[in-house]
Amino acid sequence: MSSRYTIVIPVLNQWRYTALCLDSLQAQGVRPADILVIDNASTDETPARLAERAAEDGLGTLANRVNLGCGGAWTQGALLARESDWVVLLNNDVLAGPRAIDAMLDAAEARGLKVVSPGLLEGQEDYGFAAFAPQYLLKMAGTVRRGWFHGVCFAVHRSVFEAIGFPDTDRRLGGHEDMEYLVRCLRAGIEVGTVGDAVFHHFGSITQKAMKQESGAKSLGDRHYFYSRLGMGWLARKRFKLQRERQRRQWSAEENARSGHSLHMLRVEGQWRSV
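Numbering of the sequence shown is given in UniProt numbering, commencing with residue 1 and proceeding in unit increments.
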């Protein structure tokens with residue numbers, strides 16, 4: 001029996017955040033059976049806690065013996081969610097706003113988007129997300145950044161996998177898998193966007209920060225290798241980054257002028273900064 005969506009959440013340790021994420025999703029009406037948590041060889045309490053939840057409420061889980069990276073887990077999840085119309089690829093360090101998943105997919109289907117992300121509030125949760133989110137949605141509903149989605153949460157329609165394949169599983173991309181997939185979508189003419197009809201709070205790349213601290217590495221991936229995979233030399237890379245930044249500033253300015261908020265906001269020292 002087909003379902004509207006499967007939420008795929010790669011995890012590596014950081015159980016506290018995973019638990020908050022799962023509780024948040026379920027509080028917004030998501031069934032545990034529509035969630036698939038892929039454990040990339042965690043060494044903390046994550047495996048035991050996931051097993052408990054799977055036994056108690058039917059949460060979907062998969063345990064990898066080695067860390068396959070974000071792209072590897074995303075592709076595993078997309079392959080296993082073959083009965084779902086949408087696959088929602090989600091970080092574990094997030095909190096879901098009102099009807100976050102269904103509202104995001106409703107907006108995508110209404111606007112003809114085949115890949116979609118929600119609005120994003122990032123940083124320390126010192127502002128009361130539960131109370132702030134409904135007010136934010138009232139102001140941002142109907143807002144769309146066409147041609148852009150982000151890796152914290154993006155839902156992919158099944159037809160996109162059939163058209164261009166799955167996220168890249170190359171570990172050398174570490175941290176750039178979402179951008180690689182975005183570029184592939186844009187080159188194939190697939191309609192993508194970020195919508196203000198749904199919102200998540202993102203604590204801020206908790207797993208990646210922990211991995212960098214543990215390994216002492218400044219970056220988990222090779223950005224020069226990433227751009228080479230896209231076929232971009234030095235000049236093309238500079239032009240690409242300049243165009244992205246110019247478009248981001250234009251979106252942010254327009255959104256702030258219209259509603260006083262933007263689709264991507266960063267919490268810094270108790271204040272909001274539009275991104």
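We treat Cβ as the ideally placed atom computed from N, Cα and C, and that holds for glycine. The structure presented is a predicted model; accordingly, all values stated were derived computationally and were not measured.
1. Taking residue 282 as the reference, give the member of R171, C153, A96, A63 with the closest Cα.
2. Return yes when the Cβ of A155 is within less than 8 Å of the Cβ of V88, no when it is not.
3. Have a look at N92 and R248 and give me their C-alpha separation to the nearest angstrom.
4. Go ahead and pull the three-state DSSP assignment for A33.
5. Buried or exposed: H224, going by 16 or more other Cβ atoms within 10 Å of its Cβ?
6. For V94, which of R267, L22, W86, Y136 has the nearest alpha-carbon?
7. Is the beta carbon of C153 less than 8 Å from the beta carbon of P118?
8. In the DSSP output, which residue or residues are listed as bridge partners for Q271?
9. Determine the direct distance from the alpha carbon of K139 to that of G29, and round the result to whole angstroms.
10. With G123 and V11 assumed to form a contact (beta carbons below 8 Å), what rounded beta-carbon distance in angstroms separates them?
11. Helix, strand or coil: which one does DSSP assign to D85?
12. Exposed or buried, K114, counting other C-beta atoms within 10 Å across all chains shown (16 or more means buried)?
13. With respect to the alpha helix (DSSP H) encompassing I7, which residues constitute its N-terminal and C-terminal limits?
14. Between the Cα of H201 and those of V37, W86, L62, A130, spot the shortest distance and give me the residue it belongs to.
15. Between which two residues does the beta strand (DSSP E) carrying D197 extend?
16. In this structure, what does DSSP give as the bridge partners for C21?
17. I'd like the span of the beta strand (DSSP E) that includes V94, first residue to last.
18. Do the region 60-69 and the region 140-151 touch if we need at least three Cβ pairs shorter than 8 Å?
19. Considering only residues of the region 103-165, which uninterrupted alpha helix (DSSP H) runs meet the minimum length of 4 residues and lie entirely inside it, listed in chain order?
20. Tell me, which residues are paired with A63 by DSSP?
21. Whole angstroms are fine: how far does the CA of F226 sit from the CA of R239?
22. So which of A48, A19, D85, L230 has the shortest CA-CA distance to L173?
23. For Q213, name the three-state secondary structure that DSSP assigns.
24. When you compare only the Cα positions, how much space is there between I7 and S252?
25. Identify every residue that forms a DSSP beta bridge with L90.
26. Leaving out five residues before and five after R79 in sequence, what residues of the same chain have Cβ atoms less than 8 Å from its Cβ?
27. Taking DSSP as the reference, what is the three-state secondary structure of H261?
28. Would you report the Cα separation of W148 and P47, rounded to the nearest angstrom?
Result, derived from the coordinates:
1. Since the displayed the chain opens at 1 and closes at 275, residue 282 lies outside it and no answer follows.
2. yes
3. 25 Å
4. helix
5. exposed
6. When only C-alpha atoms are compared, the closest one is L22.
7. Yes. Within cutoff.
8. V268
9. Rounded to whole angstroms, G29 to K139 spans 23 Å at the Cα level.
10. Incorrect: roughly 21 Å between the Cβ atoms, too far for contact.
11. strand
12. buried
13. That residue, I7, is in no alpha helix (DSSP H); its beta strand (DSSP E) goes 3-11.
14. A130
15. 192-202
16. Note: C21 sits in no beta bridge, so no partner.
17. 94-96
18. no
19. 129-140, 158-164
20. D39.
21. 15 Å
22. L230
23. With a pLDDT of only 46 at Q213, under the threshold of 50, the placement of this residue in the model should not be trusted; the figure read from the coordinates follows. Helix, per DSSP.
24. 28 Å
25. C153
26. Before going further, note that residue 79 is Leu rather than Arg in the sequence given. Excluding positions up to five away in sequence, the list reads F166.
27. In the structure shown, H261 sits in coil (DSSP, three-state: anything other than H, G, I, E or B).
28. 34 Å
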